[in-house]
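Following the numbering used here, the numbering of the sequence shown begins with 4 at its first residue and continues without gaps. Backbone N, C-alpha and C define an ideal beta-carbon position, used for all residues, glycine too. Reading through the structure tokens given below for one structure.
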Amino acid sequence: MKCGFRLPDNCRRIIEDLTNAGFEAYAVGGCVRDLMLGLCPKDWDITTSARPEEVKALFRRTVDTGIQHGTVTVLMKRESYEVTTYRIDGAYEDSRHPSGVSFTRELSEDLRRRDFTVNAMAYHPEKGLVDLFGGAEDLKEGIIRAVGDPAERFSEDALRILRAYRFSARLGFRIEEKTREAASRLAGTLRNISAERIRDELQGLVCSDHPEKLRDMAADGVTSVVLPELDRCMETSQKNKHHIYTVGEHTIQALMIDAKYSCLMKEDERLGAFVRLALLFHDFGKPECLTVDGEGVEHFKGHAEASERIAEGIMRRLKMDNDTISHVRALVKYHDYRPEATLQSVRRAMNKTGEETFRLLFPVRAADMLAQSRYNREEKIRYQKKLMALYAEIMQKKQCISLKDLAVDGNDLIRAGMKPGKEIGEKLNQLLQLVLEDPECNTKEYLLSKC
Numbered sequence: 004m005k006c007g008f009r010l011p012d013n014c015r016r017i018i019e020d021l022t023n024a025g026f027e028a029y030a031v032g033g034c035v036r037d038l039m040l041g042l043c044p045k046d047w048d049i050t051t052s053a054r055p056e057e058v059k060a061l062f063r064r065t066v067d068t069g070i071q072h073g074t075v076t077v078l079m080k081r082e083s084y085e086v087t088t089y090r091i092d093g094a095y096e097d098s099r100h101p102s103g104v105s106f107t108r109e110l111s112e113d114l115r116r117r118d119f120t121v122n123a124m125a126y127h128p129e130k131g132l133v134d135l136f137g138g139a140e141d142l143k144e145g146i147i148r149a150v151g152d153p154a155e156r157f158s159e160d161a162l163r164i165l166r167a168y169r170f171s172a173r174l175g176f177r178i179e180e181k182t183r184e185a186a187s188r189l190a191g192t193l194r195n196i197s198a199e200r201i202r203d204e205l206q207g208l209v210c211s212d213h214p215e216k217l218r219d220m221a222a223d224g225v226t227s228v229v230l231p232e233l234d235r236c237m238e239t240s241q242k243n244k245h246h247i248y249t250v251g252e253h254t255i256q257a258l259m260i261d262a263k264y265s266c267l268m269k270e271d272e273r274l275g276a277f278v279r280l281a282l283l284f285h286d287f288g289k290p291e292c293l294t295v296d297g298e299g300v301e302h303f304k305g306h307a308e309a310s311e312r313i314a315e316g317i318m319r320r321l322k323m324d325n326d327t328i329s330h331v332r333a334l335v336k337y338h339d340y341r342p343e344a345t346l347q348s349v350r351r352a353m354n355k356t357g358e359e360t361f362r363l364l365f366p367v368r369a370a371d372m373l374a375q376s377r378y379n380r381e382e383k384i385r386y387q388k389k390l391m392a393l394y395a396e397i398m399q400k401k402q403c404i405s406l407k408d409l410a411v412d413g414n415d416l417i418r419a420g421m422k423p424g425k426e427i428g429e430k431l432n433q434l435l436q437l438v439l440e441d442p443e444c445n446t447k448e449y450l451l452s453k454c
């Protein structure tokens, strides 16, 4: 089968050099899948019948990145390409790593060990596509299907269970019935997988175009192992006029709204991830804060603080980096914070939350609001727009919202006659309060006159 796409020049050259030396070589896996979908691959992997030492002998610049597993990185014109020998994995004893690998000269054996049919295709510029397991048809039909027996694939590497849902979310595909059944049955083996691996797959799903695949994970019992807090939310009702979904379904709806309407993920992946994670966690405290009044209406007072605590616990459990934990905690903590829609109140709010957090709260609040009932929606939208306009005015006028924007600093106060000590900090904060109330006060002359 011939395909109409073209490999990058460096990738073609590596394949040609290996072929001219008497070996087989193909682009393989995710890059082939993405090319067939019209996407731009992030990485280019090459599989070959050549042994690692034979690959190294052919190319001038190589790195032994995973030579025990047959992988050599070939460096070419400031780009790197992983070249891996056809291999057969040994027995899997820990639901993650093979006890060893053995090299083979057969491409079919190498493709047979891969996870899903859409990732088990190889391509050669002259020979065309090698598709032994129906990957091209599954791409066309939008299906994630395990290669061979799904229970065997998941027993070999439990992480593949999460990868199935992540690929489903990234591509918008459905998981084939037998593959999904095996994932559900073997979900418990995910306890053998490291927190870092689980984190990467979960975050990849949440930050995808189809975060609603979390619903499938919950239905299949997978989140009960890797994110049990979501299961509690799925079971928690919200019987009040502001809501029409359970806490969990509201969470998923909010994620879907952000995926559909917000451009932040495409503009800045880091900030977009903070928003998605905040939306995932923002109501996780509701199950423990649930109260019911005399009329049967359910309330969740204090849920933002509880959600912040729970979110931090989950992020530390998943070994997220401190920058992510700090930003997401703040967004969860303040997601329900609604200052008065005046310039003074917005400046004080920006000072309280920090400018970046305040800015990121807009997409968080928008998704949260649109995932609620329609009760008072127009009023809520007007408030959001007013707040955004006030924020834009403050930023456009470069008004002072923190000590770093203040026209004086500690050295200025000392030169004006104040003694070094904690009184300096106290005085600076007093001056900042004046400026937050009236930005026109932010001049050195005026502020020093108040000392």
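**OP:** Name the two residues that bound the continuous beta strand (DSSP E) containing glutamate 82.
**Re:** Position 79 of the sequence shown holds residue 82. 82 to 88 is the extent of the beta strand (DSSP E) around glutamate 82.
**OP:** Please name the residue in Glu19, Cys444, Cys14 and Thr51 whose C-alpha comes closest to that of lysine 45.
**Re:** As a first step, residue 45 must be located in the sequence shown, where it is residue number 42. When each option's Cα is compared against that of lysine 45, the closest is Cys14.
**OP:** Would you verify that the beta carbon of glutamine 347 is, or is not, closer than 7 Å to some beta carbon of chain D?
**Re:** Structure shown: chain D not included; a single protein chain is present.
Original post:
Between Ile146, Thr88, Ser211 and Ala395, which lies nearest to lysine 269 when the distance is taken from Cα to Cα?
Top reply: If you number the sequence shown from 1, residue 269 lands on position 266. When each option's Cα is compared against that of lysine 269, the closest is Ser211.
**OP:** Please say whether aspartate 234 and threonine 226 have beta carbons closer to each other than 7 Å?
**Re:** Working through the sequence shown from its first residue, we reach residue 226 at position 223. Working through the sequence shown from its first residue, we reach residue 234 at position 231. For threonine 226 and aspartate 234, yes; Cβs fall inside 7 Å.
Original post:
How should phenylalanine 8 be labelled, buried or exposed, when 16 other C-beta atoms within 10 angstroms of its C-beta is the threshold for buried?
Top reply: For the purposes of this step, residue 8 is taken as the residue at position 5 of the sequence shown. Looking at its Cβ environment, which holds fewer than 16 other Cβ atoms inside 10 Å, phenylalanine 8 is exposed.
Original post:
Quick check: the segment 405 to 414 against the segment 425 to 441, are there 3 or more CB pairs under 8 Å?
Top reply: yes
Original post:
glutamate 82 to methionine 237, Cα distance in whole Å?
Top reply: Residue 82 sits at position 79 when you count from the first residue of the sequence shown. Residue 237 sits at position 234 when you count from the first residue of the sequence shown. Rounded to whole angstroms, glutamate 82 to methionine 237 spans 45 Å at the Cα level.
Original post:
Less than 7 Å separating the beta-carbons of threonine 51 and alanine 28?
Top reply: The count along the sequence shown starts at 1 and reaches residue 51 at position 48. The count along the sequence shown starts at 1 and reaches residue 28 at position 25. Taking 7 Å as the Cβ cut-off, threonine 51 and alanine 28 qualify as a contacting pair.
Original post:
With a cut-off of 8 Å, do at least 3 Cβ pairs link the segment 242 to 255 to the segment 361 to 380?
Top reply: yes
**OP:** Please state whether DSSP places histidine 72 in a helix, a strand or coil.
**Re:** Position 69 of the sequence shown holds residue 72. In the three-state scheme derived from DSSP, where H, G and I count as helix and E and B as strand, histidine 72 is classed as helix.
Original post:
So, helix, strand or coil for aspartate 37, using DSSP?
Top reply: The sequence position of residue 37 within the sequence shown is 34, counting from 1. The three-state reading of DSSP puts aspartate 37 in helix, counting H, G and I together.
Subject >> When Arg194, Thr294, Leu61 and Ala123 are compared against phenylalanine 26, the one with the closest alpha-carbon >> reply: Sequence index remark: in the sequence shown, residue 26 carries index 23 (1-based). Per the Cα distances, Leu61.
Original post:
Are there 16 or more other CB atoms within 10 angstroms of the CB of aspartate 134, so buried, or fewer, so exposed?
Top reply: Taking the sequence shown and counting its residues from 1, one reaches residue 134 at position 131. Label assigned to aspartate 134: buried.
Subject >> Exposure of glycine 73, with buried meaning 16 or more beta-carbon neighbours within 10 Å >> reply: Stepping through the sequence shown from its first residue, residue 73 is reached at position 70. It is buried - the Cβ of glycine 73 has at least 16 other Cβ atoms within 10 Å.
**OP:** Give the straight-line distance between the Cα atoms of proline 153 and cysteine 34, rounded to the nearest whole angstrom.
**Re:** The residue labelled residue 153 in the question sits at position 150 within the sequence shown. The residue labelled residue 34 in the question sits at position 31 within the sequence shown. Going from the Cα of proline 153 to the Cα of cysteine 34 covers about 22 Å.
**OP:** Could you tell me which residues DSSP pairs with alanine 28 in its beta bridges?
**Re:** As a first step, residue 28 must be located in the sequence shown, where it is residue number 25. DSSP lists Thr51 as partners of alanine 28.
Original post:
How would you write the range of the alpha helix (DSSP H) that histidine 253 sits in, first residue to last?
Top reply: Position 250 of the sequence shown, counted from the first residue, corresponds to residue 253. Residues 250 to 264.
Subject >> Alpha carbon of leucine 132 to alpha carbon of arginine 156, nearest angstrom >> reply: Here residue 132 refers to the residue found at position 129 when the sequence shown is read from its first residue. Here residue 156 refers to the residue found at position 153 when the sequence shown is read from its first residue. In a straight line, the C-alpha of leucine 132 is about 23 Å away from that of arginine 156.
**OP:** Please state if the CB of methionine 124 and the CB of glycine 138 are separated by a distance shorter than 7 Å.
**Re:** Counted from its first residue, the sequence shown places residue 138 at position 135. Counted from its first residue, the sequence shown places residue 124 at position 121. Going by C-beta atoms, glycine 138 is nearer than 7 Å to methionine 124.
Subject >> Simplified DSSP state of glutamate 298, which is helix, strand or coil >> reply: Your numbering for residue 298 matches position 295 in the sequence shown. In the structure shown, glutamate 298 sits in coil (DSSP, three-state: anything other than H, G, I, E or B).
Original post:
Thinking just about the alpha-carbon of each residue, which of Arg16, Ala149 and Asn354 is nearest to the one in methionine 398?
Top reply: As a first step, residue 398 is located in the sequence shown; it is residue number 395 there, counting from the start. Check the Cα spacing between methionine 398 and each of Arg16, Ala149 and Asn354: the tightest is with Asn354.
Original post:
From which residue to which residue does the beta strand (DSSP E) around histidine 338 run?
Top reply: Residue 338 sits at position 335 when you count from the first residue of the sequence shown. First-last for histidine 338: undefined, no H or E at that position.
Original post:
Around the Cβ of isoleucine 49, are there at least 16 other Cβ atoms within 10 angstroms (buried) or fewer (exposed)?
Top reply: As a first step, residue 49 is located in the sequence shown; it is residue number 46 there, counting from the start. Buried, by the Cβ-count rule.
Original post:
Would you call the CB atoms of alanine 149 and phenylalanine 170 closer than 7 Å?
Top reply: Position 146 of the sequence shown, counting from 1, holds the residue named residue 149. Position 167 of the sequence shown, counting from 1, holds the residue named residue 170. Contact flag unset, no.
Original post:
The alpha helix (DSSP H) spanning valine 349 covers which residue range?
Top reply: Within the sequence shown, numbered from 1, the residue matching residue 349 stands at position 346. 346 to 356 is the extent of the alpha helix (DSSP H) around valine 349.
**OP:** Consult DSSP for valine 331 and reduce its assignment to one of helix, strand or coil.
**Re:** Along the sequence shown, one-based indexing puts residue 331 at 328. Reduced to three states, the DSSP call for valine 331 is helix.
**OP:** Assign glycine 195 to buried or exposed, taking buried as 16 or more other Cβ atoms, counted over all protein chains shown, within 10 Å of its Cβ.
**Re:** By one-based count along the sequence shown, residue 195 stands at place 192. Looking at the sequence shown, residue 195 is not glycine but asparagine. Flag for asparagine 195 reads exposed.
**OP:** Count the other CB atoms, across all protein chains shown, that sit within 10 Å of the CB of threonine 294; report buried if there are 16 or more and exposed otherwise.
**Re:** If you number the sequence shown from 1, residue 294 lands on position 291. By the 10 Å Cβ count, threonine 294 comes out exposed.
**OP:** Can you tell me the Cβ-Cβ gap for glutamate 311 and valine 335, rounded? I've got them flagged as a contact below 8 Å.
**Re:** Here residue 311 is taken as the residue at index 308 of the sequence shown, counted from 1. Here residue 335 is taken as the residue at index 332 of the sequence shown, counted from 1. So it is a contact: roughly 5 Å between Cβ atoms.
Original post:
Going by DSSP, what residues sit across from alanine 149 in a beta bridge?
Top reply: Translated into the one-based positions of the sequence shown, residue 149 becomes position 146. Looking at the DSSP assignment, alanine 149 forms a beta bridge with Phe119.
Original post:
Beta carbon of isoleucine 17, beta carbon of valine 75: below 7 Å?
Top reply: As a working note, residue 17 is residue 14 in the sequence shown. As a working note, residue 75 is residue 72 in the sequence shown. Taking 7 Å as the Cβ cut-off, isoleucine 17 and valine 75 do not qualify as a contacting pair.
**OP:** With distances taken Cα to Cα, identify the nearest neighbour of aspartate 296 among Leu283, Asp339, His338 and Lys242.
**Re:** Taking the first residue of the sequence shown as position 1, residue 296 is located at position 293. Selected option, being the one with the closest Cα: Lys242.
**OP:** Give the single residue among Arg188, Lys447, Gly69 and Leu142 whose Cα lies nearest to the Cα of leucine 40.
**Re:** For the purposes of this step, residue 40 is taken as residue 37 along the sequence shown, with counting starting at 1. Taking only the C-alpha atoms, the option nearest leucine 40 is Leu142.
Subject >> The alpha helix (DSSP H) enclosing methionine 268, as first and last residue numbers >> reply: Against the sequence shown, residue 268 aligns to sequence position 265. From DSSP, the alpha helix (DSSP H) with methionine 268 extends over 267 to 270.
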